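When we follow this note's numbering, the leftmost residue of the sequence shown carries the number 21, and every step to the right adds one.
Built from N, CA and C at the ideal position, the CB exists for glycine as well.
For clarity, every value in this text was computed on a predicted model and none was experimentally measured.
To start, the structure under review is shown below, and the notes come after it.
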Amino acid sequence: MAERSVGLIVMTEIPGRGLVAVLRERGWWNFEKTKPLKWPGCSQATASGKLEEGEDFRDALFREVREELGTDFTLRFNSHLDHNPAALVEVDRFQKGDMEVVTYAVKLDCTLLGKIRLSPEAGCLRLVRQEEVEDIHELHPDPDPELKKGQEANGVLDHGRKLIAMFPEVKQALGKAFARFL
């Protein structure tokens, strides 16, 4: 069965910093399932997740935004798109084997960031500038099941550095989002 996922990268202009992508950095603990999260510290799209039965990519996108970023942000996000439907753009479609990932991007006013409400396991938000994209460390899960399990559990260990680490397909979508909104 195909694994289909969707993501949203929120872009915004921050006074004094310029255009940034708002990424979500994974937390360490899943409070709902009472177990550690996989890939803690990994940066990912602002909102992302797998499609559920009967969903298309856009339906899943709006559900994930609501679940991961909160109701208040979602109401304003939806209102923005109601007034400007072309603001939401597909920036990447990645297919490999039985996996398909579609990533959308949108540029929003930075005041909307204050409306985001992350759950405790969601981690935190990380602002990334275009010039930081080339230095992003790409995560490549080891094909050896035991090594992969260790990587998923240990996540991103940066030992005090400002390391940004993400999967290659997310990094690719991030680069395209910057190209689209610069």
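| Query | Result |
| --- | --- |
| Determine whether the beta carbon atoms of alanine 41 and valine 148 lie at a separation below 7 Å. | yes |
| Give the secondary structure of valine 176 by DSSP, where H, G and I count as helix, E and B as strand, and everything else as coil. | coil |
| Work out the CA separation of glutamate 45 and valine 91 for me, nearest whole Å. | The amino acid at residue 91 is misidentified as valine; the sequence shows threonine. Cα to Cα, the separation comes out at about 20 Å. |
| Pick out the complete beta strand (DSSP E) segments inside the region 94 to 132, 3 residues or longer, and give them in chain order. | 109 to 116, 119 to 127 |
| Could you check what DSSP says for glycine 38 in three-state terms: helix, strand or coil? | strand |
| Taking 7 Å as the cut-off, decide whether the C-beta atoms of valine 111 and alanine 173 are in contact. | no |
| Closest by CA to tryptophan 48, which one among Val126, Glu141, His100, Glu120? | Glu141 |
| Pop quiz: valine 26 and glutamate 84 are said to be a contact at Cβ under 8 Å. What is the actual Cβ separation, rounded to whole angstroms? | 6 Å |
| Assign glutamine 64 to one of two classes, buried (16 or more other C-beta atoms within 10 Å of its C-beta) or exposed (fewer than that). | buried |
| Among residues of its own chain, excluding the 5 on either side of proline 35, which ones have a beta-carbon nearer than 8 Å to its beta-carbon? | Cys130 |
| DSSP three-state call for alanine 65: helix, strand or coil? | coil |
| Valine 126 and methionine 186 look like a contact to me (Cβ under 8 Å); what is the Cβ gap, rounded to whole Å? | At roughly 19 Å, the Cβ-Cβ gap does not stay under 8 Å, so valine 126 and methionine 186 are not in contact. |
| Assign glycine 117 to buried or exposed, taking buried as 16 or more other Cβ atoms, counted over all protein chains shown, within 10 Å of its Cβ. | exposed |
| Are glutamate 23 and methionine 119 touching if we call contact CB-CB under 7 Å? | yes |
| For leucine 95 and glutamate 33, I'd like the C-alpha separation in whole angstroms. | 20 Å |
| Measure the CB-CB distance between alanine 80 and leucine 28 and report whether it falls below 7 Å. | no |
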